[in-house]
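Reading through the structure tokens given below for one structure.
Number of protein chains: 2
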Amino acid sequence: MTDYIQLLKSCNLKATPQRISVLKALDGQTHPTIDELFEQIRLEHPAISLATVYKNLNTLKDEGLVVEINTPTGKMRYDVFYMPHIHVVCANCGNIEDMPCDIAFDKYQKDIEEKVGRSIKRIEVLATVDSCSCC
Amino acid sequence: MTDYIQLLKSCNLKATPQRISVLKALDGQTHPTIDELFEQIRLEHPAISLATVYKNLNTLKDEGLVVEINTPTGKMRYDVFYMPHIHVVCANCGNIEDMPCDIAFDKYQKDIEEKVGRSIKRIEVLATVDSCSCC
DNA sequence: CTATTTGCAAACCCTTTGCAAAAAT
DNA sequence: ATTTTTGCAAAGGGTTTGCAAATAG
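Protein chains in written order, with our numbering: chain A, 1 to 135; chain B, 1001 to 1135.
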């Protein structure tokens, strides 16, 4: 289990209960939509506002702790991004599956960096498939 | 120059002047936003409606001829996708640079397909960089 | 002639913003 | 004590929709 207070402190962010809840909820669900997150967080914080969740997600995004994934269904999904990985997105239902990065991938990233001539902050691979286990 | 009418016919889409204009505009600009497209198209079609442009982009997206790219600035950008390639997205200004796919990439896609156990419809690589030539 | 597409305006939905009160450090 | 964060409600912005008229095949 992650020490959320420590994590936030290291980013110079105040460790409010709401913010900790957002982090917890992100850790507890895989690629949640905002509604899924909101619902989850409200179990702990019935009075939290949707705006607060959005604000915190943006703050965490700025710190690079969270990434937004735009799905083919138009719904944004959120992901904690401690470890780089590949997103396999279903074109049909918007479901997302993670795939760990392997050595081949790291090498590939280096290739791209060389070509671009600039260091890459984050590399995101979206593999779109026509259907998934849930559709 | 592409034969747009032929292209559309092969997709069972009616070749309206508006639709052809959308294709032309997509070919003429790199990764335009909807506004850039709209402005361009209106040079030829002053009376075209924004809704028509959106509808056509969605239709072309369904055919796989166009991809949407979600930029860090929140503005969606559009791209003709005849040939797979990599998008290098600037986290700062949302500018996008193309990078051609090479053999290493194709091999990488095959690796992913094998792991996912499903054939990949489209693979999109977003490499995020901190700044670009224009910022 | 039939099916699709257009254009308009309104509706929609998700996300952001402004501001005063509350809370964290 | 200072700065950040919260919550509310309202505003914002981009995208979609419904429908009648126009157009493509």
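For every residue, glycine included, the Cβ atom is placed at its ideal position computed from N, Cα and C. Since this is a predicted model, take the numbers as computed values, not measurements.
A:Ile112 and B:Met1099 closer than 8 angstroms at C-beta: What you label residue 112 of chain A is simply residue 112 of the first sequence in a count that begins at 1. What you label residue 1099 of chain B is simply residue 99 of the second sequence in a count that begins at 1. Contact flag set, yes.
To which residues does DSSP link B:Cys1090 through a beta bridge? As a first step, residue 1090 of chain B is located in the second sequence; it is residue number 90 there, counting from the start. For B:Cys1090, the beta-bridge partners assigned by DSSP are B:Val1129.
Note the first and the last residue of the continuous alpha helix (DSSP H) segment covering A:Asp27. By one-based count along the first sequence, residue 27 of chain A stands at place 27. Residues 17–28.
From what residue to what residue does the beta strand (DSSP E) around B:Arg1077 run? In the second sequence, residue 1077 of chain B corresponds to position 77, counting from 1. From DSSP, the beta strand (DSSP E) with B:Arg1077 extends over 1076–1080.
Measure the alpha-carbon distance for B:Val1080 versus A:Ile69 and round it to whole angstroms. Within the second sequence, the letter at position 80 stands for residue 1080 of chain B. Within the first sequence, the letter at position 69 stands for residue 69 of chain A. Cα to Cα, B:Val1080 sits roughly 21 angstroms from A:Ile69.
Does the stretch 1015–1034 of chain B touch the stretch 1047–1063 of chain B, meaning 3 or more C-beta pairs lie closer than 8 angstroms? Contact between the stretch 1047–1063 of chain B and the stretch 1015–1034 of chain B is present, because at least three Cβ pairs lie under 8 angstroms.
What number of angstroms, rounded off, separates the C-alpha of B:Cys1132 from the C-alpha of A:Ala47? By 1-based counting over the second sequence, the position of residue 1132 of chain B is 132. By 1-based counting over the first sequence, the position of residue 47 of chain A is 47. About 42 angstroms.
Under a three-way DSSP split, which group does B:Ile1123 fall into? As a first step, residue 1123 of chain B must be located in the second sequence, where it is residue number 123. Of the three classes helix, strand and coil, the one that applies to B:Ile1123 here is strand, per DSSP.
In angstroms, rounded to a whole number, what distance separates the CA positions of A:Cys90 and B:Ser1119? Against the first sequence, residue 90 of chain A aligns to sequence position 90. Against the second sequence, residue 1119 of chain B aligns to sequence position 119. Note on geometry: alpha-carbon atoms of A:Cys90 and B:Ser1119 lie some 12 angstroms from one another.
Tell me which same chain residues have a C-beta within less than 6 angstroms of the C-beta of A:Leu26, skipping the five on either side of it? To locate residue 26 of chain A, count along the first sequence from 1; it is residue 26. Excluding sequence neighbours, A:Leu26 sits near Val80.
Here's a check: name, in chain order, each residue in its chain whose Cβ is nearer than 8 angstroms to the Cβ of B:Lys1061, leaving out the five neighbours to either side. Locating residue 1061 of chain B in the second sequence gives position 61, where the first residue counts as 1. Correct list, in chain order: Val1067, Glu1068.
Taking only beta-carbon positions, decide if B:Val1053 is within less than 8 angstroms of chain A. One-based indexing of the second sequence puts residue 1053 of chain B at position 53. Taking Cβ atoms only, chain A never reaches closer than 8 angstroms to B:Val1053, which makes this a no.
Simplified DSSP state of A:Ile69, which is helix, strand or coil: For the purposes of this step, residue 69 of chain A is taken as residue 69 along the first sequence, with counting starting at 1. Of the three classes helix, strand and coil, the one that applies to A:Ile69 here is strand, per DSSP.
Should B:Leu1050 go down as buried or exposed, given a rule of 16 or more other Cβ atoms within 10 Å for buried? Taking the second sequence and counting its residues from 1, one reaches residue 1050 of chain B at position 50. Its Cβ having fewer than 16 others within 10 Å, B:Leu1050 is exposed.
Nearest-angstrom Cβ-Cβ length linking B:His1031 and B:Tyr1108, presumed shorter than 8 angstroms: Mapped onto the second sequence, residue 1031 of chain B falls at position 31. Mapped onto the second sequence, residue 1108 of chain B falls at position 108. Between B:Tyr1108 and B:His1031 the Cβ distance is about 23 angstroms, and since that is not below 8 angstroms, they are no contact.
Among B:Ile1034, B:Glu1039, B:Pro1017, B:Phe1038, whose alpha-carbon lies nearest the alpha-carbon of B:Thr1071? Position 71 of the second sequence, counted from the first residue, corresponds to residue 1071 of chain B. Closest by alpha carbon: B:Ile1034.
May I ask which residues mark the beginning and end of the alpha helix (DSSP H) holding B:Arg1042? For the purposes of this step, residue 1042 of chain B is taken as residue 42 along the second sequence, with counting starting at 1. It spans 1034–1044 - the alpha helix (DSSP H) in which B:Arg1042 sits, taken as one unbroken run.
Proximal residues to B:Met1001 (C-beta, below 6 angstroms), its chain only, five neighbours per side dropped: Locating residue 1001 of chain B in the second sequence gives position 1, counting from the first residue. At B:Met1001, the pLDDT of 49 sits below 50, so the modelled position is not reliable; the number obtained from the coordinates is stated separately. No residues qualify anywhere along the chain.
A:Ile5 by DSSP, collapsed to three states: which one? Taking the first sequence and counting its residues from 1, the one referred to as residue 5 of chain A is at position 5. Looking at A:Ile5 - three-state DSSP - the assignment turns out to be helix.
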